[in-house]
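Numbering (my numbering), first residue to last: 5 to 90. Input: a single structure, listed below in structure tokens.
Below, the structure is given as structure tokens:
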């Protein structure tokens, strides 16, 4: 499946994802991303073919690349991300 087709099949519109300044700082801290753009990093993880999307209540939880990304299902705000517990 081409990248464009894969992205259209995702349950979350990757292009619409965003985060708040506090959310970006929390994600960078939790995942040790340094000064990397947290929202862009999360978008790339969601585009991975092995990303698993699970909806629970008002949030999407995306598992993959050793982390869990939490996204508000209504506003598409990336709330947080943290390493997956083993």
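The beta-carbon is built from N, C-alpha and C at its ideal position, and this holds for glycine as well.
Let me confirm a value: residue 27 is counted as buried when at least 16 other C-beta atoms fall within 10 Å, else exposed. Which label applies?
Under this definition residue 27 is a buried residue.
Measure the alpha-carbon distance for residue 54 versus residue 48 and round it to whole angstroms.
Answer to the nearest angstrom: the Cα atoms are 12 Å apart.
Please report the distance separating the alpha-carbon of residue 82 from that of residue 36.
Near 17 Å, if we compare the C-alpha coordinates of residue 36 and residue 82.
In angstroms, rounded to a whole number, what distance separates the CA positions of residue 74 and residue 64?
One C-alpha to the other measures close to 6 Å.
Write down the C-beta distance between residue 22 and residue 43 rounded to the nearest angstrom, noting that I regard them as a contact closer than 8 Å.
Yes, they are in contact, since the Cβ atoms of residue 22 and residue 43 sit about 6 Å apart, within 8 Å.
Under three-state DSSP, which class holds residue 16?
Coil, per DSSP.
How should residue 24 be labelled, buried or exposed, when 16 other C-beta atoms within 10 angstroms of its C-beta is the threshold for buried?
Its Cβ having fewer than 16 others within 10 Å, residue 24 is exposed.
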